[in-house]
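In the UniProt record's numbering, the protein residues as written are 1 to 285.
Using N, Cα and C, we set each Cβ at its ideal position, and we do this for glycine too.
This structure is a prediction, so every number in the text was calculated from the model and none was measured.
Below is one structure, written out as structure tokens, with a few remarks after it.
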């Protein structure tokens with residue numbers, strides 16, 4: 001009994017102090033989480049304000065003819081045209097074409113870029129041989145290859161998808177390969193000590209270490225794929241949002257041009273948010 005009393009006299013106060021400190025930490029954590037939520041609400045609020053001010057100003061300037069309404073149109077005219085195109089089905093048809101081409105170009109460009117990066121990491125000799133050519137290809141304007149792809153693959157979906165892929169594949173290769181090379185070599189040495197093969201080192205060390213870089217590349221490729229596909233549709237397509245932009249320009253219907261641009265902006269943002277959601281989900285797992 002005396003031992004218990006001595007124990008509580010010696011450690012009882014320390015235990016109560018520890019509980020108090022734990023409560024303080026929990027309170028600080030709750031306050032931090034609350035502040036993050038408040039900050040997020042304010043960010044959404046300011047984003048909404050900027051959105052409303054931009055479109056309200058656009059409508060006002062166009063109505064007052066402070067800007068040329070023939071060239072810059074107005075949100076109300078764009079909305080009316082949007083509803084008309086939605087009712088006759090032409091908008092959904094053209095959107096479906098461009099969206100399909102963009103998704104395939106995005107997947108193909110990302111896959112080929114990561115595959116080429118893996119090949120370069122696997123063979124240092126191949127990497128040294130191809131390094132100057134990668135630099136040249138990266139500096140070359142990929143859009144200029146559009147006519148070549150059209151002749152090589154024939155006008156249509158293959159050439160447009162190839163445009164969506166080729167515009168992102170080189171930058172993906174360079175960025176991902178650089179990330180592969182910068183992985184701490186000590187990780188590989190530890191795995192090799194336990195008898196791991198080169199493939200196992202790549203699977204267990206390289207890919208997990210470079211996962212954030214690969215996801216960041218996906219985010220960049222979303223925008224690049226849209227650019228490649230739209231340029232491809234400028235050159236050859238008779239369908240798609242790129243075709244709508246060119247057609248609107250040819251007939252001097254800039255309301256159609258702005259409608260197409262806004263639809264592209266909305267769906268490019270949706271694709272980006274999907275990649276961002278995928279990143280958060282995979283990181284949690």
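Looking at C-alpha atoms only, which residue of the options is the closest neighbour of residue i?
i: residue 268; options: 95, 233, 88 and 249; result: 95
i: residue 199; options: 118, 161 and 211; result: 118
i: residue 165; options: 136, 71, 259 and 114; result: 114
i: residue 251; options: 264, 235 and 70; result: 70
i: residue 248; options: 39, 46 and 73; result: 73
i: residue 89; options: 283, 240 and 264; result: 240
i: residue 233; options: 133, 140 and 160; result: 160
In the structure shown, what three-state DSSP assignment does residue i receive?
i: residue 272; result: helix
i: residue 141; result: coil
i: residue 195; result: coil
i: residue 279; result: helix
i: residue 68; result: coil
i: residue 252; result: coil
i: residue 131; result: helix
i: residue 316; result: With the chain running from 1 to 285 in the structure shown, residue 316 is simply not present.
i: residue 212; result: helix
i: residue 89; result: coil
i: residue 176; result: helix
i: residue 147; result: helix
Given that a residue counts as buried once 16 or more other Cβ atoms are within 10 Å of its Cβ, and exposed if not, what is residue i?
i: residue 128; result: exposed
i: residue 178; result: exposed
i: residue 109; result: buried
i: residue 125; result: exposed
i: residue 60; result: exposed
i: residue 182; result: exposed
i: residue 2; result: For residue 2, the pLDDT reaches just 48, beneath the cut-off of 50, and the residue's location in the model is therefore unreliable, leaving the point undetermined.
i: residue 197; result: exposed
i: residue 66; result: exposed
Going by the beta-carbon positions, is the gap between residue i and residue j smaller than 7 Å?
i: residue 219; j: residue 169; result: no
i: residue 136; j: residue 224; result: no
i: residue 45; j: residue 221; result: no
Can at least three beta-carbon pairs, one atom from the segment 192 to 199 and one from the segment 169 to 179, be found at a separation below 8 Å? no
Pairing CB atoms from the segment 98 to 108 with CB atoms from the segment 219 to 239, are three or more of them under 8 Å? Counting Cβ pairs under 8 Å, three or more are found: they touch.
Would you call the segment 197 to 208 and the segment 145 to 164 in contact, with 3 or more CB pairs under 8 Å? no
Using 8 Å as the Cβ pair cut-off and three pairs as the minimum, do the segment 240 to 249 and the segment 84 to 98 touch? yes
Cβ contact check for the segment 74 to 81 and the segment 252 to 266: 3 or more pairs under 8 Å: yes
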